[in-house]
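Enquirer: All residue numbers for the sequence shown refer to the UniProt record's numbering, where the first residue is 1 and numbers rise by one.
This is the structure I have questions about; it appears just below.
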Amino acid sequence: PSTTTTVNQGNHDGEDEDEEDDYMSAAFLTDPTPASSSSSSAASPATYSQRRKLALQAQSRPPPGSAQSIQEKRNEGLKRKLDESNKGMSLLQKMGWKEGAALGKTNPGILEPLAPTLHRGRLGIGVKSVQEEQEEAEAKRIRLLQGKEDQFRDWRATKFTERQIENDIRKARKICFQLDSASDESDTSDQPLVEAPLRPLEPLPDLASYDDTAPAPDCAANPDEIEPWTAESKAFEALEPSEQLAQLISTLRERTHIELQDVCPGLTRDDH
């Protein structure tokens, strides 16, 4: 009987060892110390609004393998500073470098490390730079064309304004001549603007076309022989068209008997 008991005990020990070595049993899959109901309720959100808030936060976060999450992790790693445990950092400190200082003794260097430039796409290295140069040249050409268009618009607007001023000068001169003819004034020496000949506006000759060798008229000998309206008319012709128009309008306002102090809105076409 003792022998049988010993054998049975050996069999039971072998079965216990087999049961301990069975790592695929449910004993290794279940938590031997389950959490209490109070702790589980505290860990999980109690209300619907809390669960909804957590779900929205989970949806807003990019998935772990997405390009956005990889970029965020890369940026975090690039922003992280090296500590003294890094061999390169410790070597720089042994050479005399201090945190926040630039490299070099005399020449000021950069304080921040160069940011890495990641090459993306299937094109070869250097192709993108050529494309950027072409795009920049095209953008520059477009800017030049736009600038030329603006200059052309300004030039057209200036020419239109000059033609309007010339027409107004011609009309004002005609009115002055009609007023003088109607009044039958005998002495018109004090009205040089009316006696000025009606001819189209022409620019004065420049200095390049001036002939120094031509004999000058003898004007200083007998200044009384020069007609006064001729000198004043030449001075009038030398004025800018806008100044000529202003002088003509001023003369008409002085000679007419129309009340212009409160009724007239202004001297220019835009005022009217």
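Idealized CB from N, CA, C, for every residue including glycine.
Going by the beta-carbon positions, is the gap between R269 and Q164 smaller than 9 Å?
Expert: Yes, the pair counts as a contact, with Cβ atoms nearer than the cut-off.
Enquirer: Would you kindly check if the distance between the Cβ of A101 and the Cβ of L91 is under 9 Å?
Expert: Cβ distance not < 9 Å, so L91 and A101 don't count as in contact.
Enquirer: Rounded to whole angstroms, what's the CA-CA distance from S41 to S49? Just pull it up for me.
Expert: Caution applies to S41, whose pLDDT of 49 falls short of 50 and renders its modelled position unreliable; the model cannot decide the point.
Enquirer: Residues in its own chain within less than 6 Å of M89 by CB, not counting five upstream and five downstream?
Expert: Within the same chain, M89 has close Cβ partners L82.
Enquirer: May I ask you to verify whether the region 164-182 touches the region 245-252, counting CB pairs closer than 8 Å and requiring at least 3?
Expert: Flag = yes, the region 164-182 and the region 245-252 touch.
Enquirer: Closest to N75 by CA distance: which of P108, K87, T117 is it?
Expert: Minimum Cα distance to N75 is reached at T117.
Enquirer: Short check: CB of E84 to CB of Q93, under 9 Å?
Expert: A contact, by the Cβ cut-off of 9 Å.
Enquirer: Among C264, I142, R52, I169, which one has its Cα closest to the Cα of E240?
Expert: Of the listed residues, the one whose Cα sits closest to E240 is I169.
Enquirer: Taking just the CA atoms, how far does M95 sit from P108?
Expert: Rounded to the nearest angstrom, the two C-alpha atoms are 17 Å apart.
Enquirer: What's the C-alpha gap between F236 and Q244?
Expert: Whole-angstrom Cα-Cα distance: 7 Å.
Enquirer: Use the C-beta contact count for L56: other C-beta atoms within 10 angstroms, 16 or more gives buried, fewer gives exposed.
Expert: So L56 ends up on the exposed side.
Enquirer: Is it buried or exposed for L248, if we count other Cβ within 10 angstroms and need 16 for buried?
Expert: Label assigned to L248: buried.
Enquirer: Specify the secondary structure class of I110 as computed by DSSP and reduced to three states.
Expert: Three-state result, I110: coil.
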